[in-house]
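> After the structure tokens below, expect a handful of questions from me.
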Amino acid sequence: MAKVIIHATVTLDGFMADVDGGVDWMNGFPSAPGDEDVVGRVTRELGAIVGGANRAQTIDAGEVPYGGTLGVPVYLMTHSAHEPIEKDGVTYTFVVDDIAQAVESAKRAARDRWVSLLGGSISRQCLELGLVDEIQLHVVPILLGEGISLFTGLSKRIKLERVETSAFASETHLRYRVLA
């Protein structure tokens, strides 16, 4: 059965993007083969993606949001119906207002592989609904001071159990199992 994960790169102070949504701060840090192995495992295990449709509004204009390069199905949350879009062998399915349905559809498509949740809002909603199995974070050694937080706004506490930690060149990689 598919595992649902939150997979993100964050700053040491917990931001997944700067105040303008930029992620240029992720670049320019040394990496080691171990870092590549950790990220490569996610890429190999990934079976589907659930994200927000605002990133997909430019598919027709040539942008390839989320997993286009990974070749896995992408399920996009939206507030209005839209026909699926197929681009470069990837099907982008739009799901109206039902995050649990989007995750269930992604799990069926992923089979025994992982479903990655992308974005703070999607991740928080799924955590609160008890749909997340694991959180995998890559912590970059930089402090932004302000930005878009991955977890700020959760309406309840979520207990976690550490599965694995590793650090190589500059990033620290964290894996936690979601308990409740």
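Just so you know, the sequence shown maps onto residues 10 to 189 in this note's numbering.
For every residue, glycine included, the Cβ atom is placed at its ideal position computed from N, Cα and C.
#1: Please name the residue in G139, V13, E155 and I151 whose C-alpha comes closest to that of E54.
#2: Quick check on the burial criterion: 16 or more other C-beta atoms within 10 angstroms. Buried or exposed for F103?
#3: Go through its chain and collect everything with a Cβ distance to V32's Cβ below 6 Å, but skip five positions before and after it.
#4: In chain order, which beta strand (DSSP E) runs of at least 3 residues are fully inside the region 134 to 188?
#5: Nearest to S132 by alpha carbon, out of Y101, R186, G60 and Y185?
#6: With a Cβ-Cβ cutoff of 8 Å, do T185 and I144 count as a contact?
#7: Quick one: what does DSSP say M190 is sitting in, helix, strand or coil?
#8: Would you report the Cα separation of K168 and H147, rounded to the nearest angstrom?
#9: Taking DSSP's pairing of strands, which residues face K96 in a bridge?
This is what the structure holds:
#1: V13
#2: buried
#3: A26
#4: 143 to 149, 169 to 176 and 181 to 187
#5: G60
#6: As written in the sequence, residue 185 is Tyr, which differs from the Thr given in the question. The answer is yes: Cβ separation under 8 Å.
#7: No answer is possible for residue 190: it lies beyond the span of the chain, which begins at 10 and ends at 189.
#8: 19 Å
#9: V99
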